[in-house]
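Student: Protein chains in written order, with the numbering used here: chain G, 1 to 802; chain F, 1001 to 1802.
Structure incoming, see below.
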């Protein structure tokens, strides 16, 4: 075999080698060693065959060019290592009756997972007709891989046992930690590739042990799989020597065991896993007996094996095994080049598959190391496919506030969530990047606390709240927690949620496929609460103004995309109560942490949220406007809606003749053109709200372009106008933020006057004067702000309703 | 003073303490010590005053409630530490005549930076009228801070010396490393807050030393500033003891010096910085004399000081200094509460500002430690504000390919860039997440190489290419490199560029303001090349399909947002040549790495790119279609344009009577409604291309909604239709990707038939039959794919042009 090239020696002192855990290597019994080897050989054979063969899948006749697939797709390099681990986890589960999930960071190693799942019978369980443990099933598995209709080249929700999309790298570790929270008996073994380990999200996820209370939660056994190469270059971790590795991971807080003796890899890896399990138990036992260890050093394993181990050694003079050339398809011309075909044949033959699969079934020796209980097999643990636990509901109306008050959406929601957390002590968590207080949700901490084991003040007390200044960690924890059946909330400053834009997309892709997979059950939705929005980031300034996460959610499939902008505290409560019990959605709820006007009573709020939008007669010009408005003004979002209400108030003063209808949209998705979203209003309802032909102005919280895109396909776009955040703003006053982005009451009022002039003679005649009047008011306010450094005090009085 | 609470002791062995660098503490001379202290006291006073005072700014009379600002905005907690470092960097620059930039991770510490900049006279230099080093200037600085029109609460491009937006946390370190690349004499001192240090991007950016060749590049001295708390909780690093810190950073490859003796902090920090500088010199000298050290252990400093050091100790019974209560405004009621006012007065008085600023000027003792040369002051180094070096141009037409060929946009671009890199050996770099080969740009490596110091095979050879599997690192390096005057390219798989969505937004915000700042010069644009797009991620599958970065760029200000989708290799070359010499833009260019049709000769391509869009007569129905088409079909993006061309070809076969105009858009921004973007087509040009009233179908590479939003405001939207990526696709064939997303030639053709039927009698009569014909062809193709596992071979023949 060809080992990966060694790392340059660092100048760190030799004493650092003492940090490496000394795990005595206990030799395995011959039976077990043979079983492991048989499993590994069989799975490697099947994985390689999946990449290459479309016929003669067990090499029962001489291999021909036309037995090889016309398109060779798949990744070989990581497979042998993933299979090695799988074989040992089998044994560990069997011997200790564990509840274990295997999270595979290198998700392009799907052939490894699928081969192992076929061997253990998990494919048969979930795909009995197609992938049974028989000759047909194996042929299907091999020939249909990476072919339209078969399993794709990356692990996804179709893969039994998986709780992690095999695509964008960096998130496996955080997902694993989220999965074990509040599952004291669960262990996740997580393989992190050395490519993935270079990502930022992984680099900080190693700290996650610091947020895991061993009394209430399970454990993660991370395995850093150093196979030395990425797609086309050496990895950082592949170029670190033992001293660097030992220091780095000891610094993170781990005990590191290095497994790398290729000649005795089974003995060594087995001993390492037994050691890791014993260490986990030691830490858990201490915590559960009331004597938690201080800064427990959780175990981790560094596994060094050659990339593409066991595959072709050299092709065309280039090293393949132990190099990046084995990353993907090592013999790319095996379907056209006889010499490559020959190498393929030698390679595949080396596994002696005829000794391992007989009559289409794995031989007994392979089955011997499987968990005895099917439901404990890595592909069949219920936590991975049908885990959902609904929350005990709490009536939000108990926390509702009086109509006409000024209230912070977040403060009332904090109190509501406090109750929800009490009612659901082990099935809901909140993950936040250190913003709970700042976002005014701190009532949540009335009956629970932050869970941070490295801090003596909150250590070993459990707690529903994890605050870490890593949105990636928060998102990863939420994913793991949700995918194993629980419910999570991720509140965030609006502008920083975009940090996990692509993570959210990856997750949504997983869930989209999960819903198409018959054997997977429902999941809770993932729930984002955005506050500290651009409209009230006048104090932090330009860098804190970015509503782009709305657009991220809009681009996921309509079946799951949900964006809510509740206009007041009661609507906010109603919406949060709704999303916590919704399923399989990506919910984004946007509100304000500042006290803002409460327009609707609890019952009115419930109805408004049910409809998604309604006409606000109380804010509109009375009488005729109900049926025959000159213009329609629509607010979407807390602050911009307030400006609409104030614009209508202003118009009643300066131009009572103009008939103004005010509407509010709380569920953004109702605007989408019919048939493009399940919430989309029917054409009739749309006309009821916005009329068929009157000018409509949307004063919108997000970027105008995205709302314009949503409206496309609705009739009469020519009469519609959209204002939104324009990437303008510095440290200034709240009202100045409205002004500089063109969404202030004055902007809205001027729009209404100009648009109304076409229909209303009185407005038309006086238009110039009216606009001047409004402009004069703008000047006054600007002058006040520049003189006093703050907004005029009456700017935020509730509108006077007539 | 109140120190931060100590960390729990870890169980790491005591030998790990030997990893901490032993730096002898050399006592400073009394003069220098006094000067440092004076600078620190003056700057801390000014910083605190900026947060609180609107009058009586030098406490010349008794402090009254109405001297305090009506809105208290700003962050105190980090300021004392940032000022401490600033004072010492002054000295270091003075004593060693250094070229140094100070990158401040905790960018909310703007008062610290601004106070120091006023003292050193850099504000005076750039804002002579407003912020002179006199009583008026100081009053302006204090009273206008965080007030509309004054400096904002976060460091931004208005702050002299800054090359980093003070907003989203996590990027300071990577930006610092990018800044010193190819600047052998430059040192960046980068303060990373312990909050920021929790982020993933920072966690992996520590590895960046491994990509820095000390022969050709300068150095970064990172200072991890552990002040123990985030907004409302302790930090991970604040809870790590010396052993954990020493192990972690030694593992990353550093030598760590810990500075924490509050009683002798000046002696200790000064010694640490002298040590760090000497270590930098040692590493650089070795490399530059041809004997590079193996895995040089670069110096770094861990600085532990109390949060809000020197501020109020306790308020309302709560600890403030040394706790999170000092993060923002420690005396939030100082403008209304007499007891808080009293504390404020005591606090401010403690600095004895009258001894430090006299007649509006800093006293000589403060000036003594300043760099002698103004242009070396932290606020005035030219590299930070007027650094741009234009590239030597290389004629792209030398690399152009023949019309009618099949060519990979990336392969020809790789060859072109190889030449550009040779012509500009120290002013252009490429940063990529391990995808150069995979993206077929590897010709770049013909005359340069990858720069990875930990790998014995590429160590100490320099090189224009850095490949690290961290998009955050790539983006940070690009930012630092660009902000100090050079040009960078960031090629990426399309789906993973979204990882740096918010980083790009932060950067664009910095550049937007930089352009408004008179004293800042131009910068190169930042340049993204997206390839391996969803349209050709049929092999990696669903997780690798995500064109959302287009939307991210669309949301930045129109002045800088540029999105190009060149339809063929010649257009791609022309576009890349253009962007490399553009300035201050955020350029996104999207193409294919696969060989695709070349439609245009080099000259035609140049003209097409200049216009941004044109009618493709060669692909349209001849004659009448030029002036009077029934339908207009528009391709935007490589693969979807090919489908449009093939649809027109198909229509010529099945329905020659239908008059089809084919157009291509290469510059997405030309579509935007007039006045909304500098590239927007005039109404007349828009009508010339797309007619005034004929049905137009856009076959678009991105999400339909975003294009619909762009078109909003154009006339006649009712006749326009948009198809784009619909979040559909698995591991399948390239053509199946077109089918499942509704952008195939057949979808386009059917749309054309249905839309054309309204205008064309012959089509109308035969519509049903024609559509059936097309559907039949779809069935045939689907059948072929499902039988053969690949697309029919003739699917990708160039269209037959008549």
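Yeah, the Cβ is synthetic: ideal placement off N, Cα and C, and Gly gets one too.
With a CB to CB cut of under 6 angstroms and the five nearest residues on each side skipped, what residues in its chain are close to residue 635 (chain G)?
Tutor: 641, 644, 664 and 699
Student: Find the residues of chain F that neighbour residue 308 (chain G), judging by a C-beta separation of less than 9 angstroms, and give them in chain order.
Tutor: Per Cβ cutoff of 9 angstroms: no residues; residue 308 (chain G) is ~16 angstroms from chain F at best.
Student: What span of residues does the alpha helix (DSSP H) with residue 608 (chain G) cover, start to end?
Tutor: 602 to 611
Student: What does residue 220 (chain G) pair with, by DSSP beta-bridge criteria?
Tutor: G:188
Student: With three or more beta-carbon pairs closer than 8 angstroms as the criterion, would you say the segment 42 to 62 of chain G touches the segment 384 to 394 of chain G?
Tutor: no
Student: Is the number of C-beta pairs between the segment 513 to 530 of chain G and the segment 143 to 162 of chain G that are closer than 8 angstroms three or more?
Tutor: yes
Student: Would the beta-carbon of residue 1012 (chain F) fall within 8 angstroms of that of residue 1376 (chain F)?
Tutor: no
Student: Quick check: what's the CA-CA separation for residue 1194 (chain F) versus residue 1543 (chain F)?
Tutor: Across the structure, residue 1194 (chain F) and residue 1543 (chain F) are spaced so that their CA atoms are roughly 33 angstroms apart.
Student: Against residue 1742 (chain F), what residues of chain G qualify as contacts under a CB-to-CB distance less than 8 angstroms, listed in chain order?
Tutor: Here the premise fails: no neighbours, minimum Cβ distance about 13 angstroms.
Student: Below 7 angstroms on C-beta distance, what does residue 787 (chain G) contact in chain F?
Tutor: Within chain F, no residue comes near residue 787 (chain G); the closest Cβ sits about 10 angstroms away, beyond 7 angstroms.
Student: Given that a residue counts as buried once 16 or more other Cβ atoms are within 10 Å of its Cβ, and exposed if not, what is residue 7 (chain G)?
Tutor: Buried.
Student: Going by other Cβ atoms of all chains shown within 10 Å of its Cβ, with 16 needed for buried, is residue 447 (chain G) buried or exposed?
Tutor: exposed
Student: Report the rounded CA-to-CA distance for residue 1318 (chain F) versus residue 1338 (chain F), giving the unit in angstroms.
Tutor: 18 angstroms
Student: Taking 8 angstroms as the CB-CB limit, is residue 546 (chain G) close to chain F?
Tutor: yes
Student: Is it true that the CB of residue 1228 (chain F) sits closer than 8 angstroms to the CB of residue 1238 (chain F)?
Tutor: yes
Student: In chain order, what residues of the same chain have a beta carbon less than 6 angstroms from the beta carbon of residue 1016 (chain F), not counting five sequence neighbours either side?
Tutor: Excluding positions up to five away in sequence, the list reads 1243, 1246 and 1247.
Student: Would residue 665 (chain G) count as contacting chain F if we go by Cβ distances under 8 angstroms?
Tutor: So no, residue 665 (chain G) is outside the interface.
Student: Count the other C-beta atoms from every protein chain shown that fall within 10 angstroms of the C-beta of residue 1791 (chain F), then say buried if there are 16 or more, exposed otherwise.
Tutor: buried
Student: Can you tell me the Cα-Cα spacing of residue 62 (chain G) and residue 350 (chain G), whole angstroms?
Tutor: 14 angstroms
Student: Checking 8 angstroms against the spacing of the C-beta atoms, do residue 303 (chain G) and residue 81 (chain G) come in under that value?
Tutor: Against a cut-off of 8 angstroms, the Cβ pair of residue 81 (chain G) and residue 303 (chain G) comes out as a contact.
Student: Would you mind working out which of F:1656, F:1121, F:1619 and F:1714 sits nearest residue 1404 (chain F), comparing C-alpha positions?
Tutor: Of F:1656, F:1121, F:1619 and F:1714, the residue nearest in Cα terms is F:1619.
Student: Whole angstroms is fine: what's the gap from residue 1802 (chain F)'s alpha carbon to residue 236 (chain G)'s?
Tutor: Confidence in residue 1802 (chain F) is poor, its pLDDT being 46 and thus under 50, which makes the residue's placement too unreliable to answer from.
Student: Leaving out the 5 sequence neighbours to the left and right, which residues in its chain are closer than 8 angstroms to residue 1360 (chain F) when beta-carbon positions are compared?
Tutor: 1133, 1134, 1135, 1136, 1137 and 1138
Student: What are the residues of the segment 696 to 717 of chain G that lie near chain F, defined by any Cβ-Cβ distance shorter than 7 angstroms?
Tutor: Those would be 703, 705, 706, 708, 709, 710, 712 and 717, in chain order.
Student: Using only alpha-carbon positions, find the residue among G:667, G:681, G:676 and G:637 that is nearest to residue 738 (chain G).
Tutor: G:637
Student: Count the other C-beta atoms from every protein chain shown that fall within 10 angstroms of the C-beta of residue 1504 (chain F), then say buried if there are 16 or more, exposed otherwise.
Tutor: buried
Student: Is the segment 1539 to 1558 of chain F touching the segment 1192 to 1211 of chain F in the sense that three or more CB pairs, one from each, lie closer than 8 angstroms?
Tutor: no
Student: Taking contact to mean at least 3 C-beta pairs separated by less than 8 angstroms, is the segment 772 to 781 of chain G in contact with the segment 683 to 696 of chain G?
Tutor: The segment 772 to 781 of chain G is not in contact with the segment 683 to 696 of chain G.
Student: Name the residue from G:210, G:766 and G:709 whose alpha carbon lies nearest to the alpha carbon of residue 466 (chain G).
Tutor: G:210
Student: May I ask you to report which of helix, strand or coil DSSP gives residue 697 (chain G)?
Tutor: strand
Student: Just confirm the distance between the C-beta atoms of residue 1344 (chain F) and residue 1334 (chain F), as a whole number of angstroms; I'd bet it's less than 8 angstroms.
Tutor: 5 angstroms
Student: Reducing DSSP to helix, strand and coil, say where residue 1793 (chain F) ends up.
Tutor: helix
Student: Which runs of the beta strand (DSSP E) fall wholly inside the segment 1225 to 1267 of chain F and span at least 3 residues, in chain order?
Tutor: 1255 to 1259
Student: With a threshold of 6 angstroms on Cβ separation, who are the neighbours of residue 589 (chain G) within its own chain once the five nearest residues in sequence on each side are excluded?
Tutor: Around residue 589 (chain G): 529, 564 and 575.
Student: In the segment 1263 to 1314 of chain F, which residue ranges form an unbroken alpha helix (DSSP H) of at least 4 residues, counting only runs that do not cross its ends?
Tutor: Within the segment 1263 to 1314 of chain F, the runs of alpha helix (DSSP H) at least 4 residues long that lie entirely inside it are, in chain order, 1265 to 1288.
Student: Could you compute how far the alpha carbon of residue 1759 (chain F) sits from the alpha carbon of residue 1719 (chain F)?
Tutor: 13 angstroms
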